[in-house]
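Numbering-wise (my numbering), the sequence shown opens with residue 415 and increments by one.
Glycine included, each C-beta is placed from N, C-alpha and C at the ideal position.
The structure presented is a predicted model; accordingly, all values stated were derived computationally and were not measured.
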Amino acid sequence: MAKLITLFRLLPKKHQILLGMLAVFSLLILFLPLEDASASRHTTSKPAVRYEVPLAFRTPEAPLAQGVSESGVPEDSEAMAEAITQQLANETQQALEPQTDRQAGNLAELEHYEIKKGDTLAAVFNRAKLSAREVYDISQLALAKQHLIRIMPGESLAIGKNADGTLQELRYQIDAISTLIISKIAGEYQAQITHKSVEKRQQFVATQIKNNFWNAGINAGLTPAQIMQLATIFGWDVDFALDIRANDSFALIYEQEYADGEFLRNGNILAAEFVNQGQRYTAVRYTDGKYYSADGRSMRKAFLRSPVDFKYVSSNFNPKRLHPVTGLVRPHRGVDYVAAIGTPIKSAGAGRVIEASYNKYNGNYVFIKHNETYTTKYLHLNKRKVKRGEVVKQGQIIGTLGRTGRVTGAHLHYEFIVNGVHRNPRTVNLPKALPIANKEKHAFMAISEQLMAAIAHNQQIRIARQ
């Protein structure tokens, strides 16, 4: 009895009051006589019937031990009340959530069916043991018409079937980040395209050229496409066929794209520097997709330094050259670039074709007037691709390299004329394109300073590790 009194005193005040009221009420019931308080032993009772009580109105089951619930939380406490409320909420949410066939365990694992040469969607479905009706239903979906007709040999369709063998889900990977998903929902097929989230990361590369630019790029881990892009960016300032020297160097930051943590592809070069014969050149990519020097000058020039991808120069600009055919001293007013017959020749700049013809000395030739100051000439072409009066863009193919006219071998003779005077195409100062617009200068400089600082920082780390 003393223990009970001690336990009573330990209870919270409100619990003591409730227990006291309960005790008084119990005494009243014991002493007040009730007519129907007991049932006759001869009364026939109906068999007990079990009724399911909705989840929201169920009461917690009795505890396993006195004073402790199943979850280990003391009874009659606020924690107990919160735990019961949370449990009821979780069970209610689970009951309300619709289950797909895959969640319910009715959908088998997806099986992959490779597309073979000559396959149709019906043929693939036939191998998957699906019905003609299912082929028809799928083929009526707009997204299926758009993408499934493009399936190629070597690709695959992932097909999931219900327990009864009917089609429940079809998946076709459109590309590295996009997947077409066709699912049966409420008895009808529905199609959607899901996209993986693409993350862009920055990668730093730097190296020194030992023998040639191409090998240096490959050894640094660049792809052929990246090497060509880098050469294109600096191609207006550096002649990659003639100007490269041992100990030249380059460094760059480029983007890499990942989808769900898996590498997808290399992206654009964001910034780069190239040191050629002690001269440092910089390039930064802006939001317009164009490249500018670190201080905002356009990397592009109004003219290409060389209009053809050549193997070597057979004859330089020389006012007193001895002619290889006539043996006479005649000025060589251009540069001869040697390459394979048929190599494309590009217009060095935008302009209008003022001559496109043939004679026994020049062979097939094209003259382009760019403005009142500049004119370029292209001689000994194998074929001409433009006509007189035609307007051309910088880099447009105007012909192919050949050996027509008075020549000793296949080459392009290229002349660069400034105000009527022939100038050396390899050394003439080329006019620059427009710099970054003034209204964009502040935003560009913020990007430029950040990227060039990143290159400098990574260069320091690279040198420290050597």
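When only Cα atoms are considered, L865 and Q874 end up about 14 Å apart. Less than 7 Å divides the Cβ of G819 from the Cβ of H794. I595 and H561 do not touch by the CB rule: their CB atoms are close to 11 Å apart, not below 8 Å.
Pairing K791 with N785, the inter-Cα distance amounts to about 14 Å. Under DSSP, D750 shares a beta bridge with S729 and H827. The continuous beta strand (DSSP E) containing I683 extends over residues E676 to N690. Linking I529 to Y586 through their CA atoms gives a straight-line distance of about 11 Å.
Counting the other Cβ atoms within 10 Å of the Cβ of G748 gives 16 or more, which makes it buried. Cβ contact annotation for K774 (same chain, cutoff 7 Å, sequence separation greater than five): G819 and R820, in chain order. Spanning the alpha carbons of E769 and Q880 requires a straight line of approximately 57 Å. Put simply, of D723, V752, T646 and P733 the residue whose alpha carbon is nearest the alpha carbon of K704 is T646.
The beta carbon of A660 sits closer than 8 Å to those of I623, K624 and N625, all from its chain and outside the five residues before and after it, given in chain order.
Under DSSP, T608 takes part in a beta bridge, and its partners are T593. In this model, N778 and V538 are separated by some 56 Å (Cα to Cα).
Pairwise C-beta distances place the region 648-655 in contact with the region 711-718, as three or more of them are shorter than 8 Å. The alpha carbon of R719 has as its nearest neighbour, out of G601, F830, E687 and A600, the alpha carbon of F830. DSSP, reduced to helix, strand and coil, places T646 within a helical segment of the structure shown. Annotation: the continuous beta strand (DSSP E) that includes L815 extends over I811 to L815. A Cβ-Cβ separation of about 13 Å leaves S663 out of contact with T696 under the 8 Å criterion.
Inclusion of L678 and I667 in the CB contact set at 7 Å is not warranted, their separation being larger than that value. Contact holds between the region 573-587 and the region 537-553, because three or more Cβ pairs, one in each stretch, are under 8 Å apart. Pairing N690 with E669 gives a Cβ-Cβ distance that is not under 7 Å. By the Cβ neighbour-count rule, R694 is exposed, with fewer than 16 other Cβ atoms within 10 Å of its own. For R802, the closest alpha carbon among the candidates Y772, L826 and T787 is that of Y772. If you ignore the 5 residues before and after L524, its C-beta comes within less than 8 Å of the C-beta of A572, I573, G574, E583 and R585, all in its own chain and listed in chain order. For Y792, the uninterrupted beta strand (DSSP E) run begins and ends at Y788 to R798, by DSSP. Beta-bridge partners assigned by DSSP to S712: Y706. Cβ contact annotation for Q617 (same chain, cutoff 6 Å, sequence separation greater than five): Y668 and Q670, in chain order. E613 and E676 have their C-alpha atoms some 10 Å from each other. For Y586, the enclosing beta strand (DSSP E) covers residues L581 to Q587. L656 is classed as exposed because its beta carbon has fewer than 16 other beta carbons within 10 Å across all chains shown.
The beta carbons of Q808 and A764 sit closer together than 7 Å. Taking all protein chains shown into account, R547 has fewer than 16 neighbouring C-beta atoms within 10 Å of its C-beta and is therefore exposed. The straight-line gap separating the alpha-carbon atoms of K846 and G710 is approximately 12 Å. Where E523 is concerned, there is no enclosing beta strand (DSSP E), because DSSP gives it neither an H nor an E.
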